[in-house]
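The sequence shown begins at 264 in this note's numbering and counts up one residue at a time.
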Amino acid sequence: MSTKDYLEKDYYKTLGVPKTAKSDDIKAAYRKLARKYHPDANKGNVEAEEKFKEISEAYSVLSDEKRRKEYDEVRSFGGFRVPGGNRGGTGGFGGFDLGDIFGGTGDAGDRLGDVLGGIFRRGGGQGAGPAQNRARRGADVETEATLSFSDAIDGATVGLRLTGEGPCPICHGTGAKSGTVPRVCPTCEGTGHENRNLGNFAFTEPCKTCHGRGMVVDDPCETCHGSGRAQSSRTIQARIPAGVSDGQRIKLKGKGAPGERGGPSGDLYVRVHVKPHPVFGRTGDNLTVTVPVSMPELALGAEVKVPAHRSAPVTVRIPAGTPNGRVFRVRGKGVRRKDGTNGDLLVTVEVAVPQDLTGKARHALEDLRAATAGEDPREELLARAREAS
Ligand SMILES: [Zn+2]
Ligand SMILES: [Zn+2]
């Protein structure tokens, strides 16, 4: 659209709304007309197509506050100023789905805006709209959290400090120095894309002038140097569910970076580190503990006291002749599961070899050695080794 277009065309009349019309009324009028004249509903009807282009063009200007202001100015001042070299263009509507207009309800404003973005800002009329006007889902964010052993079992609420990119707080994401506004990119006319034709194929690539933003900034914001983006950090309280294990990555839906222009928030992924416990280990829902025992306890049998997590010690009965390293299961003394039941405590017995023996114990052991002198515990092993070679 040029200044000449602005002077010659009465967009208010095209949409059948007064000059004082509110944006909602303009939207409603456009929707009504767009339904009526949409090319898919008027196949082969050139007049309807022309009409549709006209109302689309009118709406592209009147629905954009800034462009509407420019339009009004040009019309009232006789076209002295070319509004930012902006020739947004009505473009094609090849990729425009009729269902998007017909399907929406009266307040599906965002969706309609999306569809319109797709029509108005693109020459080719295919694919997605511009970077500028579309609702955008916030980015997914990754962070880490370190939990104590007990918090990992029970679940915990932790404060997570998130740093990420957001709109620059000084220019509110426009990238323009305060007091100035960005203007529509003259190279891509606001689409953010450049179309290149190679033979029969049309390629679309991000516009090099504006880097796909559709807008250019003459006086860049000093804080973000015109990017419109800035690093920000915030702290959120996140609930880590019960039963997470070390190294696990959990997803907290909607806790990532906030969306833009009404888009949904991204997700937050938390890599969980669990501090080791001085006594207990964990495998899934089971807790593990290694308990020292004496050789006579294993050989003769015994009842031994074993520590349990958050409970009084439990007694494990060791049968006579228990080999070193055997694992005993104590039911219900493990991690509480979601269904309210508990995992088990797995107790590994490990012979503690006495480091300094008193005279009586030393004598008893020497007697034991003498009494079992005829039994070589390695006899069978050596025999097997001989057979195998
Ligand atoms: Zn551009
Ligand atoms: Zn800025």
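Note that the Cβ used here is the ideal one computed from N, Cα and C, for glycine as well.
(message) If you reduce the DSSP assignment to three classes, tell me which class residue 337 lands in.
(response) Note: residue 337 maps to helix in three-state DSSP.
(message) Across the stretch 546 to 564 and the stretch 574 to 591, are there enough close Cβ pairs to call them in contact, namely three or more that are closer than 8 Å?
(response) The stretch 546 to 564 vs the stretch 574 to 591: in contact.
(request) Output the distance between the C-alpha atoms of residue 277 and residue 460, rounded to the nearest integer angstrom. (result) Answer to the nearest angstrom: the Cα atoms are 34 Å apart.
(message) Tell me the rounded alpha-carbon separation between residue 331 and residue 518.
(response) Those two C-alpha atoms are separated by around 37 Å.
(request) Could you please go through the chain and list the residues whose beta-carbon is closer than 5 Å to any non-hydrogen atom of ligand 1? (result) For ligand 1, residues qualifying as neighbours are 448, 450, 451, 470, 472 and 473, where qualification means a beta carbon closer than 5 Å to at least one of its heavy atoms (chain order).
(message) To the nearest angstrom, how far is the alpha carbon of residue 590 from that of residue 430?
(response) Taken atom to atom, the span from the alpha-carbon of residue 590 to that of residue 430 is near 57 Å.
(message) Let me check understanding here. Comparing Cα to Cα, which of 326, 453 and 414 lies closest to residue 680?
(response) Past the edges of the chain, shown from 264 to 652, lies residue 680, and the structure says nothing about it.
(request) Output the residues surrounding ligand 2, defined as those with a CB atom closer than 5 Å to any ligand heavy atom, in chain order. (result) Chain-ordered list of matching residues: 431, 433, 434, 484, 486 and 487.
(message) If the criterion is Cβ atoms closer than 7 Å, does the pair residue 507 and residue 406 meet it?
(response) The criterion of a C-beta distance shorter than 7 Å is not satisfied by residue 507 and residue 406.
(request) Over the uninterrupted alpha helix (DSSP H) stretch that includes residue 324, give me the two end residues. (result) Per DSSP, residue 324 is one residue of the alpha helix (DSSP H) stretching across 309 to 325.
(request) Take residue 536 and list the residues in its own chain whose beta-carbon comes closer than 8 Å to its own, dropping the five residues that flank it on each side. (result) Around residue 536: 407, 408, 409, 410, 509 and 510.
(request) Tell me, please, whether the stretch 433 to 441 touches the stretch 479 to 493 by the rule of three or more beta-carbon pairs shorter than 8 Å. (result) The stretch 433 to 441, when compared against the stretch 479 to 493, does touch it at the 8 Å Cβ threshold.
(message) Using only the alpha-carbon positions, how far apart do residue 516 and residue 531 sit?
(response) Taking the straight line joining both Cα atoms gives about 6 Å.
(request) Could you name the residues of the same chain whose beta carbon sits closer than 6 Å to that of residue 457, not counting the 5 residues immediately before and after it, in chain order? (result) Residues of the same chain with a CB within less than 6 Å of the CB of residue 457, apart from the 5 flanking positions on each side, are 451, 468 and 470 in chain order.
(message) Tell me the DSSP secondary structure of residue 638 in three-state form.
(response) If DSSP states are grouped into helix, strand and coil, residue 638 belongs with coil.
(request) Could you tell me which residues DSSP puts in a beta bridge with residue 469? (result) Beta-bridge analysis with DSSP links residue 469 to 456.
(message) If the criterion is Cβ atoms closer than 7 Å, does the pair residue 323 and residue 401 meet it?
(response) No; because the gap between Cβ atoms is not below 7 Å, this pair is not in contact.
(request) Could you check which residue in 416, 621 and 481 has the C-alpha nearest to that of residue 603? (result) For the set 416, 621 and 481, the Cα lying nearest the Cα of residue 603 is the one of 416.
(request) With residue 297 as the anchor, note down where its alpha helix (DSSP H) starts and where it stops. (result) Segment 286 to 300, the alpha helix (DSSP H) holding residue 297.
(request) Taking only the alpha-carbon atoms, compute the straight-line gap between residue 426 and residue 512 and give it to the nearest angstrom. (result) So the alpha carbons of these two residues sit roughly 18 Å apart.
(request) With a cut-off of 8 Å on the beta carbons, I'd call residue 412 and residue 539 a contact; round off their distance for me. (result) Between residue 539 and residue 412 the Cβ distance is about 7 Å, and since that is below 8 Å, they are a contact.
(request) Please report the residue range of the alpha helix (DSSP H) in which residue 413 lies. (result) For residue 413, the enclosing alpha helix (DSSP H) begins and ends at 412 to 417.
(request) May I have the straight-line CA-CA distance separating residue 557 from residue 592, to the nearest angstrom? (result) One alpha carbon belongs to residue 557, the other to residue 592, and they sit about 19 Å apart.
(message) Given a cut-off of 7 Å on the beta-carbon distance, is the pair residue 612 and residue 554 in contact?
(response) Going by C-beta atoms, residue 612 is nearer than 7 Å to residue 554.
(message) Please report the straight-line C-alpha distance between residue 443 and residue 329, rounded to a whole angstrom.
(response) One alpha carbon belongs to residue 443, the other to residue 329, and they sit about 13 Å apart.
(request) State the DSSP-derived secondary structure class of residue 648, mapped to helix, strand or coil. (result) Note: residue 648 maps to helix in three-state DSSP.
(message) For residue 488, tell me which candidate among 448, 447, 432 and 292 has the shortest Cα-Cα distance.
(response) For the set 448, 447, 432 and 292, the Cα lying nearest the Cα of residue 488 is the one of 432.
(request) Measure from the alpha carbon of residue 546 to the alpha carbon of each residue in 299, 463 and 606, then state which is nearest. (result) Cα-wise, what sits closest to residue 546 is 606.
(request) Using only alpha-carbon positions, find the residue among 338, 619, 646 and 441 that is nearest to residue 484. (result) Among 338, 619, 646 and 441, the Cα nearest to that of residue 484 belongs to 441.
(message) Is the beta carbon of residue 571 closer than 7 Å to that of residue 608?
(response) Judged by their CB atoms, residue 608 and residue 571 are nearer to each other than the 7 Å cut-off.
(message) Measuring straight from C-alpha to C-alpha, what distance separates residue 336 and residue 514?
(response) Cα atoms of residue 336 and residue 514: separation of roughly 51 Å, rounded to the nearest angstrom.
(request) On the DSSP bridge assignment, give the partners of residue 408 in chain order. (result) Per DSSP, 535.
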